[in-house]
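To keep things clear, I will list the structure first and then write my remarks on it.
Protein chains: 2
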Amino acid sequence: MLAVGLEQAIHYIETLSFGERAIDYLTEHGFEEEFLSKLETLEFTGDVRALPEGEPVFPNEPLLEVTAPILQGQLLETIAINQIGYQSLIATKAARMRDTIERHGDDQSLVDFGSRRAHGSDAGMKAARAAYIGGFDGTSNVAAGEAFGIPIYGTMAHSWIQSFATERAAFEAFVDEYGEDSILLIDTYDTVAGAETARDVADKRDIDVAGVRLDSGNLTALSKEVNELLGDTDIFVSSGVDEFKIRDFLTSGGVGTGFGPGTALVTSTDAPKVEGVYKLVAIERDGEMRPSMKLSTGKATYPGAKSIYRVERDGSYAYDTLTPQKEDHDGDELLVSVIEDGDIVYDFPDLQTVQEFALRNVEKIPVEARTLENPTTYEVRISPELDTQTTELRQQLESQFT
Amino acid sequence: MLAVGLEQAIHYIETLSFGERAIDYLTEHGFEEEFLSKLETLEFTGDVRALPEGEPVFPNEPLLEVTAPILQGQLLETIAINQIGYQSLIATKAARMRDTIERHGDDQSLVDFGSRRAHGSDAGMKAARAAYIGGFDGTSNVAAGEAFGIPIYGTMAHSWIQSFATERAAFEAFVDEYGEDSILLIDTYDTVAGAETARDVADKRDIDVAGVRLDSGNLTALSKEVNELLGDTDIFVSSGVDEFKIRDFLTSGGVGTGFGPGTALVTSTDAPKVEGVYKLVAIERDGEMRPSMKLSTGKATYPGAKSIYRVERDGSYAYDTLTPQKEDHDGDELLVSVIEDGDIVYDFPDLQTVQEFALRNVEKIPVEARTLENPTTYEVRISPELDTQTTELRQQLESQFT
Numbered sequence: 067m068l069a070v071g072l073e074q075a076i077h078y079i080e081t082l083s084f085g086e087r088a089i090d091y092l093t094e095h096g097f098e099e100e101f102l103s104k105l106e107t108l109e110f111t112g113d114v115r116a117l118p119e120g121e122p123v124f125p126n127e128p129l130l131e132v133t134a135p136i137l138q139g140q141l142l143e144t145i146a147i148n149q150i151g152y153q154s155l156i157a158t159k160a161a162r163m164r165d166t167i168e169r170h171g172d173d174q175s176l177v178d179f180g181s182r183r184a185h186g187s188d189a190g191m192k193a194a195r196a197a198y199i200g201g202f203d204g205t206s207n208v209a210a211g212e213a214f215g216i217p218i219y220g221t222m223a224h225s226w227i228q229s230f231a232t233e234r235a236a237f238e239a240f241v242d243e244y245g246e247d248s249i250l251l252i253d254t255y256d257t258v259a260g261a262e263t264a265r266d267v268a269d270k271r272d273i274d275v276a277g278v279r280l281d282s283g284n285l286t287a288l289s290k291e292v293n294e295l296l297g298d299t300d301i302f303v304s305s306g307v308d309e310f311k312i313r314d315f316l317t318s319g320g321v322g323t324g325f326g327p328g329t330a331l332v333t334s335t336d337a338p339k340v341e342g343v344y345k346l347v348a349i350e351r352d353g354e355m356r357p358s359m360k361l362s363t364g365k366a367t368y369p370g371a372k373s374i375y376r377v378e379r380d381g382s383y384a385y386d387t388l389t390p391q392k393e394d395h396d397g398d399e400l401l402v403s404v405i406e407d408g409d410i411v412y413d414f415p416d417l418q419t420v421q422e423f424a425l426r427n428v429e430k431i432p433v434e435a436r437t438l439e440n441p442t443t444y445e446v447r448i449s450p451e452l453d454t455q456t457t458e459l460r461q462q463l464e465s466q467f468t
Numbered sequence: 067m068l069a070v071g072l073e074q075a076i077h078y079i080e081t082l083s084f085g086e087r088a089i090d091y092l093t094e095h096g097f098e099e100e101f102l103s104k105l106e107t108l109e110f111t112g113d114v115r116a117l118p119e120g121e122p123v124f125p126n127e128p129l130l131e132v133t134a135p136i137l138q139g140q141l142l143e144t145i146a147i148n149q150i151g152y153q154s155l156i157a158t159k160a161a162r163m164r165d166t167i168e169r170h171g172d173d174q175s176l177v178d179f180g181s182r183r184a185h186g187s188d189a190g191m192k193a194a195r196a197a198y199i200g201g202f203d204g205t206s207n208v209a210a211g212e213a214f215g216i217p218i219y220g221t222m223a224h225s226w227i228q229s230f231a232t233e234r235a236a237f238e239a240f241v242d243e244y245g246e247d248s249i250l251l252i253d254t255y256d257t258v259a260g261a262e263t264a265r266d267v268a269d270k271r272d273i274d275v276a277g278v279r280l281d282s283g284n285l286t287a288l289s290k291e292v293n294e295l296l297g298d299t300d301i302f303v304s305s306g307v308d309e310f311k312i313r314d315f316l317t318s319g320g321v322g323t324g325f326g327p328g329t330a331l332v333t334s335t336d337a338p339k340v341e342g343v344y345k346l347v348a349i350e351r352d353g354e355m356r357p358s359m360k361l362s363t364g365k366a367t368y369p370g371a372k373s374i375y376r377v378e379r380d381g382s383y384a385y386d387t388l389t390p391q392k393e394d395h396d397g398d399e400l401l402v403s404v405i406e407d408g409d410i411v412y413d414f415p416d417l418q419t420v421q422e423f424a425l426r427n428v429e430k431i432p433v434e435a436r437t438l439e440n441p442t443t444y445e446v447r448i449s450p451e452l453d454t455q456t457t458e459l460r461q462q463l464e465s466q467f468t
């Protein structure tokens, strides 16, 4: 996956506070004044290390490491998993679409059309941001464009067409307003007839329209037919687009200059969950930092603060090694310091820089580990020292019960 | 599905406005002053009819009908689909879990544990609300409890256990604070050993703890084993719970007094999308309201404002009929007036009333249409008048192209 969402998680950590309404509510629910006074004056004073946004991350690797008094650290669990999990999911889905296009030797535009089908308003906003980082060109969500500086795009709605007596009248009115920038939606009644009408309307004005959009039916077959009618007019394809549809469209000779993924992007329909966790890996007790782990069946964790080292060979990632934080190792250490003693010490790059970083990184993932069909598993090694620490702690914990 | 999310959609409609920052952004992006001045003074002046929250809705039936100047109506599309689609999805998922328990003759509690895995912060909040309407007892999301008046619940975290030198020390400290209200998480290291420790800790204090929680492993088998050890102590089951897991747990003799669904609830993992649409069905042109429809392959719509009539027999829904709005028909008309001339004319019931309404309604859906395995399709009839109008309009629209 691509690690994305750090900027939002850090913003939350830095602005976390409990106002009067929250304190009143908690008082009503029986929390004691001594505890609530700690919440009222709460301020994050700890350290955070994290993967930069756009860094690929593999199983068992930490995306965020918080060192802080346990009250502060514990309060971050829900929002950290929520923000980083979702954005990482969508950035990954987006990157798979961009990568599918690139591996086919193409360069179609990709625009997020998903806000209305996202799970709530925050998802609509964050999907636009995450998709951009994953290699999209922009979004149709204007609010996200404003909030995050993402390029905004749009075509026309079916309701525009339907609000006129005929499709022809709708196209004429639109072209008279937008001229050669027009992208005409041609499937409201009949896609091929719509393409002919679009051509007639443009010809009568002696202009070329920027493009047409297909939004239903057999997109591959229709795109070829429309391309024969309209020559080099751009064809923009929406309706159920994901990386698999893009692959099938391109390999079966579909003709398109852009795609508008929506629902499948923002809900990651075929894989809608990231089971990210936020776990205690060490605790200071009796003046000493002690490693900690869960042994729960299928949910065991590695103890202690960690580092991730990534080794590159010939411009490709060769393997990662997960180590205890202090261990030196071959490769590049990936976790960076973001907050120290409560202060941000990290310069968040702008979104375009993050996108460029992400795209360069995706290309370095061995191609056989990023194909859509039967990808191989990228190797994450556990360092001998981490392995030993894990085994020893497991034995020590199990001895409680014997 | 259960129709849910109306209150949030209406709130948005009533508070929709464009502030200075939005207008500045749109100005930079080339929108004309004449258009932007309309946005600056925008206020919803139209009518809204809708399904009350908690009303079951079937294919082709409208959940929300907006009659307004097209600029106003069009601006609502994204947020209306976003809010109503997601909450309806999650309320339905929740209702399937509640119904699975009831059809098994049981009454386990259901608590939403999903916020951290929801798609963004808004989804975390709205899932708690929707799940409550669908028959949940409450949520672990305290912010949602405060915002919507939902009962809040919680147990303990693995990090609580891990922050002590031993599981026993963690249980002791917790029980000393919470006494008989304690629900002890027993799977951090070894579930059965954890149950024994919980019993010892309670026995030494001569109290009964409220319950224990299982969060990993074979939940059915472990619940039986823990029940034999702890007698009538409540057993609360989390970890990957959905309606199918609940069914399997109950039918294979699992012993539990409550479930804490999380990821599978809030992402509706097995069916994470609702392809709701917001379509133009009529437009006033030349002083007359004219029906409108799309013919797009696989996406055709029925024209005109509609009514839904639902016929009940022997306390069960028999069938629905979709009609043009003005047509009289057998059964109860389901759409209610919510906004007239821009003013709310509808009393939103409190959340508990909505839940009771939803639960009564779910029971009226024929049981064979709500089983998890091979449910039948509930019948939605198209009235002869609507059918005729649809056919005539289709022919008229197709004649454009001949």
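In order, the protein sequence lines correspond to chains A and B. Residue 67 is where the first sequence starts when you use the numbering used here, and the numbers rise one by one after that. Residue 67 is where the second sequence starts when you use the numbering used here, and the numbers rise one by one after that. Every residue, glycine too, gets a C-beta built ideally from N, C-alpha and C.
For residue 467/B, name the three-state secondary structure that DSSP assigns.
-> helix
Residue 384/A: which of 149/A, 397/A, 300/A sits nearest, CA to CA?
-> For residue 384/A, the closest alpha carbon among the candidates 149/A, 397/A, 300/A is that of 397/A.
Based on Cα-Cα distance, which residue from 461/B, 256/B, 197/B, 312/B lies nearest to residue 366/A?
-> 256/B
DSSP three-state call for residue 190/A: helix, strand or coil?
-> helix
Three or more beta-carbon pairs under 8 Å between the stretch 419 to 433 of chain B and the stretch 103 to 112 of chain B, yes or no?
-> no
In angstroms, rounded to a whole number, what distance separates the CA positions of residue 166/B and residue 134/A?
-> Computed Cα separation, rounded: 43 Å.
With distances taken from CA atoms, which of 299/A, 268/A, 132/A is nearest residue 277/A?
-> Nearest to residue 277/A by C-alpha distance, out of 299/A, 268/A, 132/A, is 299/A.
Straight-line Cα distance separating residue 377/B from residue 225/B | Counting only the Cα atoms, residue 377/B lies some 53 Å from residue 225/B.
Should residue 188/A go down as buried or exposed, given a rule of 16 or more other Cβ atoms within 10 Å for buried?
-> buried
Residue 459/A, DSSP secondary structure in three states | helix
Taking the DSSP output, what are the residues bridged to residue 246/B?
-> Partner(s): none; residue 246/B has no beta bridge.
Cβ contact check for the stretch 152 to 166 of chain B and the stretch 193 to 202 of chain B: 3 or more pairs under 8 Å | A contact is defined here as three or more CB-CB pairs under 8 Å, and the stretch 152 to 166 of chain B meets this definition with respect to the stretch 193 to 202 of chain B.
For the alpha helix (DSSP H) holding residue 73/A, just list the boundary residues, first then last.
-> 72 to 81
Looking only at its own chain, which residues have a Cβ that is under 6 Å from the Cβ of residue 345/B, when we skip the five neighbours before and after it?
-> 367
Who are the near neighbours of residue 444/B in its chain, counting only those whose CB is closer than 6 Å to its CB and skipping five residues on each side?
-> The beta carbon of residue 444/B lies closer than 6 Å to those of 124, 435 in the same chain, with the five residues before and after it left out.
Closer than 7 Å at the beta carbon, the chain B residues around residue 358/A | Scanning chain B for C-beta atoms nearer than 7 Å to the C-beta of residue 358/A yields 228, reported in chain order.
Are there three or more Cβ pairs, one per stretch, closer than 8 Å when the stretch 325 to 341 of chain A is compared with the stretch 301 to 316 of chain A?
-> yes
Kindly indicate which three-state DSSP category residue 416/A falls into: helix, strand or coil?
-> coil
Do residue 84/B and residue 105/B have their C-beta atoms within less than 7 Å of each other?
-> yes
How would you write the range of the beta strand (DSSP E) that residue 372/A sits in, first residue to last?
-> 372 to 379
State the DSSP-derived secondary structure class of residue 362/A, mapped to helix, strand or coil.
-> coil
What is the rounded straight-line gap between the Cα of residue 338/A and the Cα of residue 149/A?
-> Put simply, the backbone Cα of residue 338/A is about 14 Å away from that of residue 149/A.
Distance, residue 336/A Cα to residue 364/B Cα | 21 Å
Taking the Cβ atom as the reference point for each residue, do residue 192/B and residue 138/B lie within a distance shorter than 7 Å?
-> no
Could you name the residues of the same chain whose beta carbon sits closer than 6 Å to that of residue 69/B, not counting the 5 residues immediately before and after it, in chain order?
-> 117, 121, 123, 129, 154
Amino acids of chain A, ordered along the chain, whose beta-carbon sits closer than 8 Å to that of residue 148/B | 181, 182, 183, 184, 186, 187, 190
Within 7 Å, strictly: CB atoms of residue 459/B and residue 359/B | yes
Could you tell me the distance, in whole angstroms, from the CA atom of residue 315/B to the CA atom of residue 295/B?
-> 19 Å
Can you tell me where the alpha helix (DSSP H) with residue 355/A in it begins and where it stops?
-> First-last for residue 355/A: 354 to 357, but that is the beta strand (DSSP E), not the alpha helix (DSSP H).
Mind checking who residue 446/B pairs with in its DSSP beta bridge?
-> 386/B
Buried or exposed (CB count within 10 angstroms, at least 16 for buried), residue 418/B = exposed
Near residue 349/B, which residues of its chain fall below 8 Å by C-beta distance, leaving aside the five closest residues on each side in sequence?
-> 136, 355, 356, 358
Contacts of residue 345/A in chain B (Cβ-Cβ under 9 Å) = 224, 225, 228
Which ranges would you report for the alpha helix (DSSP H) in the stretch 264 to 305 of chain B if only whole runs of at least 4 residues count?
-> 285 to 296
Contact belief for residue 93/B with residue 102/B at Cβ below 8 Å, rounded distance in angstroms = 6 Å
If we count the other Cβ atoms within 10 Å of its Cβ and call it buried at 16 or more, is residue 428/A buried or exposed?
-> buried
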